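J.: Just passing along the structure, written as structure tokens.
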Amino acid sequence: CTSVVAEDSNGHLFHARNLDFGLFMGWDVRNKSWLMTEKLRPLVVNVDFQRNNKTVFKSTSFAGYVGMLTGIHPHAFTLTMNERFSLDGGYIGIMEWILGKRDGMWMSFLTRSVLENATSYEEAKQKLSQTKLLAPAYFILGGNQTGQGCVITRSRVLSLDIWEWSLTTNYDHWKEPLFLDDRRTPAMKCMNQTTRANISPKTLYDVLSTKPVLNKLTTYTTLMDVSEGRLESYIRDCPDPCMPW
Amino acid sequence: RPQFVPPYTEECRSGMYPPKGPTFKGAVTWYTVNLDLPPAKRWTDVMSDKKDDVSVSSRGKNLANAFVPSGKLLDIVDRDLPLLLDTLPFPFNEEIRGISAASGVPLGEVLLFNIFYEVFTA
Chain A
387 CTSVVAEDSN GHLFHARNLD FGLFMGWDVR NKSWLMTEKL RPLVVNVDFQ RNNKTVFKST
447 SFAGYVGMLT GIHPHAFTLT MNERFSLDGG YIGIMEWILG KRDGMWMSFL TRSVLENATS
507 YEEAKQKLSQ TKLLAPAYFI LGGNQTGQGC VITRSRVLSL DIWEWSLTTN YDHWKEPLFL
567 DDRRTPAMKC MNQTTRANIS PKTLYDVLST KPVLNKLTTY TTLMDVSEGR LESYIRDCPD
627 PCMPW
Chain B
52 RPQFVPPYTE ECRSGMYPPK GPTFKGAVTW YTVNLDLPPA KRWTDVMSDK KDDVSVSSRG
112 KNLANAFVPS GKLLDIVDRD LPLLLDTLPF PFNEEIRGIS AASGVPLGEV LLFNIFYEVF
172 TA
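Now the structure itself:
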């Protein structure tokens, strides 16, 4: 995955993401694509969650999946989650849960709960950084005021780091990404080339359409504008030549 | 040219929006989920619309069979995983139950689909 929170020169905040999923879950040799990614694409839906006929939050999700990976609480904050791989991973959290230790929260349920119940950037940041989880994760949070954007790097128990303002893929920002999977450098290069004056949903879509930021695992691209309360999503494909991840 | 050798890094793209061309496979459909409804009923419309096009079941099976091709893992998913459902927090457990009922997909497979993130972070 690649997530970006960016601000234009007028202080207008935008949040965009590519959701990449399906690595090593079957490779279709004939079509040169990941089986799981292909099966997920038709399931992508945009959902407007309403209470009393009013929008509470909007999300891009998968039909049948009740947690959230991408969403906007209009006029308050935007949130995306990127996968964080660790030996102390979610399977340990699940084992603990089965054995009766249930003080952690399922990651996607926390994300949905925050989108549904938090009413400000600060409240969302506090919940995402302090709630004990079953699995490690990166939470990318954008606010509605200038300077409000951060990447929260989570282990299952702790908030390891809160990095104000930037772009993240699936690696800790203080470490070099795996040399075979460096989407951060090209994405950063394109963001720098775009310049702050030209930041918009249109230019963020351009960044997320540049290979290898766009790759064979990319299922959808979502663009969010917090002050307009707007979320738009597009199902993606990456024709050859294209990196498998 | 660098875009023809791995990792196929391109010059930064421009003019891609509005989405079109070979990297765009379609717009995403909007649905409304009414949070005033009982949790088991909230996803009925979405699942009614999607169940004929795409089987969530095949996704669960692929997921399980990718790791244990014999199908034994899927047996466990169908037989034992639903026991976990009642331990999940409300309203998510009820929503998952509703999705299974609306789609006809076994409960264990819907549950596996909903916890795949936790399973695959190793």
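First to last, the sequence lines map onto chains A and B. Okay, so the first sequence: first residue is 387 according to the numbering used here, each after it adds one. Okay, so the second sequence: first residue is 52 according to the numbering used here, each after it adds one. All residues carry an ideal CB built from backbone N, CA and C; glycine is no exception. Everything numeric in this text was worked out from a predicted model, so none of it was measured.
Measure from the alpha carbon of Phe443 (chain A) to the alpha carbon of each residue in A:Ala449, A:Gly450, A:Asp434, A:Tyr451, then state which is nearest.
T.: Taking each of A:Ala449, A:Gly450, A:Asp434, A:Tyr451 in turn and checking the Cα distance to Phe443 (chain A), the smallest one comes out for A:Asp434.
J.: Given that Phe75 (chain B) touches chain A, what residues does it touch there, using C-beta distances under 8 angstroms?
T.: Here the neighbours are Tyr620, Ile621, Arg622, Asp623.
J.: Take Pro142 (chain B) and list the residues in its own chain whose beta-carbon comes closer than 6 angstroms to its own, dropping the five residues that flank it on each side.
T.: Pro90
J.: Based on the DSSP output, what are the partners of Lys440 (chain A) in its beta bridges?
T.: Per the DSSP secondary-structure output, Lys440 (chain A) pairs in a beta bridge with A:Arg437.
J.: Under 8 angstroms between the Cβ atoms of Ser595 (chain A) and Arg64 (chain B)?
T.: yes
J.: Going by beta-carbon coordinates alone, are Leu496 (chain A) and Ser445 (chain A) separated by less than 8 angstroms?
T.: Not closer than 8 angstroms, so no.
J.: What is the DSSP secondary structure of Ile478 (chain A), reduced to helix, strand or coil?
T.: helix
J.: Looking at the structure shown, is Tyr606 (chain A) part of a helix, part of a strand, or coil, going by DSSP?
T.: strand
J.: With DSSP as the reference, please indicate the residues paired to Trp420 (chain A) in a beta bridge.
T.: A:Trp413
J.: Check whether the Cβ atoms of His398 (chain A) and Ser613 (chain A) sit closer than 8 angstroms, and answer yes or no.
T.: yes
J.: As a quick exercise: from A:Gly408, A:Arg437, A:Lys418, pick the residue whose alpha carbon is nearest that of Arg427 (chain A).
T.: A:Gly408
J.: Looking at Asn404 (chain A): is its Cβ nearer than 8 angstroms to the Cβ of Thr604 (chain A)?
T.: yes
J.: Please tell me whether Tyr477 (chain A) has its Cβ less than 8 angstroms away from any Cβ of chain B.
T.: yes
J.: For a contact meaning CB atoms closer than 9 angstroms, what does Asp87 (chain B) contact in chain A?
T.: Gln436, Arg437, Asn438, Asn439
J.: Taking Cβ positions, are Ser515 (chain A) and Ser541 (chain A) nearer each other than 8 angstroms?
T.: no
J.: Output needed for Leu590 (chain A): all residues of its chain with C-beta closer than 7 angstroms, excluding positions within five of it in sequence on either side, in chain order.
T.: Within the same chain, Val390, Ala392, Phe400, Ala402, Leu609 come within 7 angstroms of Leu590 (chain A) by CB-CB distance, once the 5 residues on both sides are set aside.
J.: In this structure, what does DSSP give as the bridge partners for Leu465 (chain A)?
T.: Its beta-bridge partners are A:Gly457, A:Leu527.
J.: With a cut-off of 8 angstroms on the beta carbons, I'd call Cys628 (chain A) and Lys602 (chain A) a contact; round off their distance for me.
T.: 6 angstroms
J.: Could you tell me the distance, in whole angstroms, from the CA atom of Lys588 (chain A) to the CA atom of Pro157 (chain B)?
T.: Each residue's alpha carbon lies about 41 angstroms from the other.
J.: Since Pro572 (chain A) contacts Pro598 (chain A) with CB under 8 angstroms, what's their CB separation in whole angstroms?
T.: 6 angstroms
J.: Between the C-alpha atoms of Lys440 (chain A) and Ala510 (chain A), what's the straight-line distance to the nearest angstrom?
T.: Taking the straight line joining both Cα atoms gives about 20 angstroms.
J.: At which residue ranges does the region 565–621 of chain A contain complete beta strand (DSSP E) runs of 3 or more residues, listed in the order of the chain?
T.: 604–611
J.: Kindly list, in the order they appear in chain B, the residues whose Cβ is closer than 9 angstroms to that of Thr446 (chain A).
T.: Val79
J.: Taking Val97 (chain B) and Val431 (chain A) to be in contact with their CB atoms under 8 angstroms, please state how far apart those CB atoms are, rounded to whole angstroms.
T.: Contact between Val97 (chain B) and Val431 (chain A) holds, with the beta-carbon distance rounding to 6 angstroms and staying under 8 angstroms.
J.: Secondary structure at Val128 (chain B), three-state DSSP: helix, strand or coil?
T.: Looking at Val128 (chain B) - three-state DSSP - the assignment turns out to be helix.
J.: Met491 (chain A) and Ala523 (chain A) - do their beta-carbons sit closer together than 8 angstroms?
T.: no
J.: Does Asn468 (chain A) pass the burial test, meaning 16 or more other C-beta atoms within 10 Å, or should it be called exposed?
T.: buried
J.: Considering only residues of the same chain and omitting the five flanking positions on each side of Gly122 (chain B), which have a CB-CB separation below 6 angstroms?
T.: Taken in chain order, the list of residues that qualify is empty.
J.: Does chain A have any CB closer than 8 angstroms to the CB of Ser154 (chain B)?
T.: At least one beta carbon of chain A lies nearer than 8 angstroms to the beta carbon of Ser154 (chain B).
J.: Could you give the DSSP three-state label for Arg427 (chain A): helix, strand or coil?
T.: helix
J.: Under 8 angstroms between C-beta atoms, does Pro57 (chain B) make it to chain A?
T.: yes
J.: Within 10 angstroms of its Cβ, does Ser108 (chain B) collect 16 or more other Cβ (buried), or is it exposed?
T.: Below a pLDDT of 50, predicted positions are generally treated as unreliable, and Ser108 (chain B), at 49, falls in that range; no measurement from the model is reported.
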